[in-house]
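Comments concern the structure below.
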Amino acid sequence: MSSLQPVRGTHDLIGETQRRHAHVVETARRIAGLYGFDEWATPIFEDTRVFARSLGDTSDVVSKEMYSFEDRGGESLTLRPEGTAGVCRALVTNGLTQSLPQKIFYAGPMFRYERPQKGRYRQFHQIGVELIGAAEPLADAETIAMGRDILRALGIADETVLELNTLGDAESRTAWRAALVAYFTEVKDQLSEDSRNRLERNPLRILDSKAPQDRALVADAPMIGAFLTDDARAFWDGLRSALDLLGVPFRENPGIVRGLDYYGHTAFEFVTERLGAQGTVLAGGRYDGLVAEMGGPRTPAIGWAGGIERLSMLLEATPPAPRPVAIVPMGDAAGGVSVMLLQALRASGIRAEIAYRGNAKRRLERANRIGATHAVLIGEDEIARGVAQVKALDEGSQGEIALDAVVAYLAGAMRG
12 MSSLQPVRGT HDLIGETQRR HAHVVETARR IAGLYGFDEW ATPIFEDTRV
62 FARSLGDTSD VVSKEMYSFE DRGGESLTLR PEGTAGVCRA LVTNGLTQSL
112 PQKIFYAGPM FRYERPQKGR YRQFHQIGVE LIGAAEPLAD AETIAMGRDI
162 LRALGIADET VLELNTLGDA ESRTAWRAAL VAYFTEVKDQ LSEDSRNRLE
212 RNPLRILDSK APQDRALVAD APMIGAFLTD DARAFWDGLR SALDLLGVPF
262 RENPGIVRGL DYYGHTAFEF VTERLGAQGT VLAGGRYDGL VAEMGGPRTP
312 AIGWAGGIER LSMLLEATPP APRPVAIVPM GDAAGGVSVM LLQALRASGI
362 RAEIAYRGNA KRRLERANRI GATHAVLIGE DEIARGVAQV KALDEGSQGE
412 IALDAVVAYL AGAMRG
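Heads up, the sequence shown is in the working numbering, so the first residue is 12 and it goes up one at a time.
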């Protein structure tokens with residue numbers, strides 16, 4: 012029988028990979044907290060209708076990529092392909108639509124049946140935020156600024172560029188959609204098969220087609236700027252002014268679109284050239300109609316999500332492994348005192364380990380292998396005198412410390 016391997020499109024998070032992953036999540040959680048965001052955790056699977064409503068029945072995600080199954084009770088369930096829909100469902104079912112605004116941070120695994128490639132997995136992980144209940148351009152600007160601050164705290168802001176677009180309001184999009192349908196209908200025979208199918212259902216999606224024959228046609232397609240209402244233009248101007256005030260540089264990209272009706276106004280992406288084709292590392296926009304799709308009242312909202320795997324790949328260095336203190340008992344008589352010291356160190360917040368077998372030499376060798384900063388050697392003679400031998404493994408120096416002072420001494424050494 013062949014050895015079992017991870018399912019295609021999944022990967023294990025161990026060692027350096029896990030430390031990079033955890034660093035992204037912990038950094039994002041810390042910065043989100045500074046902006047007043049609280050963490051939510053929603054189920055990994057939901058009623059399939061949650062995602063069919065949020066992503067649209069005709070989207071590629073719903074039609075080709077979702078992991079859906081019928082449970083033993085006959086319910087259609089789906090592993091979440093993204094985080095926003097579950098958060099909006101939770102807002103409604105927990106009766107929070109009258110307690111706005113809600114500022115939410117989340118992190119966790121998502122699932123899509125896609126072709127695995129660099130930075131893209133079938134089980135992937137995201138950080139994300141949702142600001143629900145604020146309709147002003149400043150809310151969008153702050154949410155984007157928080158994303159920039161997370162990238163900066165990770166040391167990768169200089170590796171990314173913020174690209175920004177407006178989708179206008181509903182009136183703007185209706186006029187723009189009509190113009191797009193008229194334009195693409197005239198060149199329908201030159202479109203890819205996917206774009207011909209999208210022409211009737213969702214013409215905005217043609218604008219982000221990757222097919223070469225579509226790209227040439229998209230270059231001359233009407234853009235939304237010519238169709239913005241006065242209110243939509245005021246929102247767009249307010250967003251850009253707020254970003255300038257917050258010191259967030261951006262590049263306008265009229266090609267950033269969202270295909271569903273509940274998206275409007277702001278759409279943005281932080282992109283990089285370091286990851287090849289998978290260049291988007293954090294993206295989002297305004298979705299004032301999604302809470303209503305989940306059965307709540309029409310509620311303004313803005314949010315974004317970032318791929319943890321891609322962000323991890325951009326980190327310049329792997330966070331160092333935590334370094335413990337190693338307790339080295341010398342002889343059976345030292346076992347009890349060693350265990351008591353071990354627990355005292357942990358109670359003081361110091362990572363501490365003990366080898367379960369082997370003589371003192373082998374235990375010291377293990378202390379070096381696990382990267383311990385210090386080894387604390389305790390034998391019968393040390394116990395009789397009320398001391399321990401404390402060895403600084405990086406410098407090789409060693410000295411006697413009173414047993415009741417070892418914890419304080421190591422705490423100071425670890426800080427210094």
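For every residue, glycine included, the Cβ atom is placed at its ideal position computed from N, Cα and C.
If you keep only unbroken beta strand (DSSP E) runs of at least 3 residues inside the region 116 to 156, you get 134 to 143.
If you look at His-32, you'll find it in the alpha helix (DSSP H) that goes 27 to 45.
Taking C-beta atoms as the reference points, His-34 and Leu-191 fail to come closer than 9 angstroms. Around the Cβ of Phe-122, a 10 Å sphere holds 16 or more other Cβ atoms; the residue is buried. Shortest Cα-Cα distance from Ile-381 to any of Leu-15, Ile-338, Ile-319 involves Ile-338. Of all alpha-carbon atoms in Pro-331, Asn-213, Phe-195, Lys-372, the one lying nearest the alpha-carbon of Leu-228 is that of Phe-195.
For the options Leu-356, Pro-335, Ser-408, the alpha carbon positioned closest to that of Asp-415 is the one of Leu-356. The three-state reading of DSSP puts Thr-21 in coil, since its state is none of H, G, I, E or B. Nearest Cα to Leu-142 within the set Leu-24, Pro-311, Arg-207, Arg-60: Pro-311. Note on geometry: alpha-carbon atoms of Ala-232 and Glu-81 lie some 43 angstroms from one another. Taking 8 angstroms as the upper bound for CB-CB distance, Phe-261 and Leu-173 are in contact here, some 4 angstroms apart. Burial of Val-336 is indicated by the presence of at least 16 other C-beta atoms within 10 angstroms of its C-beta. By the Cβ neighbour-count rule, Tyr-367 is exposed, with fewer than 16 other Cβ atoms within 10 Å of its own.
Under the rule that a run must span 3 or more residues, the beta strand (DSSP E) segments found entirely inside the region 330 to 400 read 336 to 341, 363 to 365, 385 to 390.
One alpha carbon belongs to Asp-343, the other to Leu-15, and they sit about 42 angstroms apart. Between Asn-176 and Glu-263, the C-beta spacing is below 9 angstroms.
Using a Cβ distance threshold of 9 angstroms, Ala-101 and Arg-64 do not count as a contacting pair. Looking only at Ser-323, Leu-375, Ala-358, the smallest Cα-Cα distance to Thr-38 is reached by Ser-323.
Relative to Arg-362, the option among Val-282, Leu-352, Leu-215, Arg-297 whose CA is nearest is Leu-352. The beta carbons of Arg-30 and Ala-332 sit closer together than 9 angstroms. Here the alpha carbon of Asp-23 sits roughly 10 angstroms from the alpha carbon of Gln-134. By the neighbour-count definition (other C-beta atoms within 10 Å, threshold 16), Ser-206 is a buried residue. In this structure, DSSP gives Lys-75 a helical state, which the three-state scheme calls helix. Sixteen is the threshold: since fewer than 16 other Cβ atoms of the shown chains lie within 10 Å of the Cβ of Lys-372, the residue is exposed.
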